[in-house]
Structure formats: C-alpha cells, structure tokens
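Colleague: Below is a structure I'd like to ask you about.
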Amino acid sequence: MEIDKTCLSNSYKSMNDFFEEMELDSELLYQFYLAFRGQQISFPMKMYDRELVRKRIENMIEQEKTVDIRQLTEVYGFSARWILDLSQYLGHDL
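For the sequence shown, position 64 matches number 64 in this note's numbering, and the numbering has no gaps at all.
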C-alpha cells in the first residue's frame with residue numbers, strides 16, 4: 001500500500017523519516033501501523049534488562065572469562081560502578 005507521507009501524524013512521520021534514513025521500505029511502516037495501531041508504547045531508557053545483564057556478567061565471572069568493564073558499559077549502558085559493585089557482591093574483584 002502506498003503511504004501518503006504528506007499527511008502522516010507526527011509519530012508516524014518520525015518513524016517514516018527513520019525508515020527512509022535507514023533505507024527501509026515504507027511498507028514496513030504500514031505493517032508496523034497494522035500491528036501496533038491504537039497502542040501506546042513507551043520504551044525504557046535502557047535497552048537491556050538489568051537482571052539479565054547481571055546474570056550474563058555472573059556467568060562470565062563463573063566461567064572465568066575476562067570481564068572488560070569499559071566494554072560492558074558501552075554494550076549494555078550500565079555504569080562502571082554498577083558493574084564493579086556487582087562483581088564485588090559476587091565475590092570477584094575486577
């Protein structure tokens with residue numbers, strides 16, 4: 001279905017601009033609309049779940065893998081302090 005981009009509401013216009021920037025087909029916007037229309041969606045500030053990241057780091061420590069705090073902060077978006085506190089809580093000094 002062809003989308004009339006000149007009449008999109010602000011939310012869908014922003015999404016359409018993003019889709020175009022990423023060189024994605026505008027048909028995806030229509031499919032997104034069909035799947036989620038009428039729903040109010042709020043995205044968390046953090047992309048990753050704190051508990052799941054904790055488990056991932058715990059597994060890394062248990063398997064004695066190298067834990068690079070800087071890399072983990074970049075990948076998961078949690079502070080170096082949080083990762084250090086977690087490692088100390090687990091009885092492992094980084």
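The C-beta atom is built at its ideal place from N, Cα and C for all residues, glycine as well. Note that the coordinates shown come from a computational prediction; the quantities given were computed from them, not determined experimentally.
Measure how close the beta-carbons of Ile57 and Leu86 come, nearest whole angstrom, since I'm counting them as under 8 Å.
Modeller: For the purposes of this step, residue 57 is identified with residue 57 of the sequence shown, where counting begins at 1. For the purposes of this step, residue 86 is identified with residue 86 of the sequence shown, where counting begins at 1. Contact holds; Cβ gap of about 6 Å.
Colleague: Would you call the CB atoms of Tyr48 and Leu29 closer than 8 Å?
Modeller: For the purposes of this step, residue 48 is taken as residue 48 along the sequence shown, with counting starting at 1. For the purposes of this step, residue 29 is taken as residue 29 along the sequence shown, with counting starting at 1. Their beta carbons are not under 8 Å apart, which means Tyr48 does not touch Leu29 by this criterion.
Colleague: How is the alpha helix (DSSP H) around Thr73 delimited, first residue to last?
Modeller: Indexing the sequence shown from 1 puts residue 73 at position 73. First-last of the alpha helix (DSSP H) with Thr73: 69-76.
Colleague: With distances taken from CA atoms, which of Met45, Leu84, Leu8 is nearest Leu72?
Modeller: Stepping through the sequence shown from its first residue, residue 72 is reached at position 72. The candidate whose alpha carbon is nearest that of Leu72 is Leu84.
Colleague: Can you give me the C-alpha to C-alpha distance between Asp4 and Val53, rounded to a whole angstrom?
Modeller: By 1-based counting over the sequence shown, the position of residue 4 is 4. By 1-based counting over the sequence shown, the position of residue 53 is 53. Computed Cα separation, rounded: 42 Å.
Colleague: Met15 by DSSP, collapsed to three states: which one?
Modeller: Within the sequence shown, numbered from 1, the residue matching residue 15 stands at position 15. In this structure, Met15 counts as helix in the three-state DSSP scheme.
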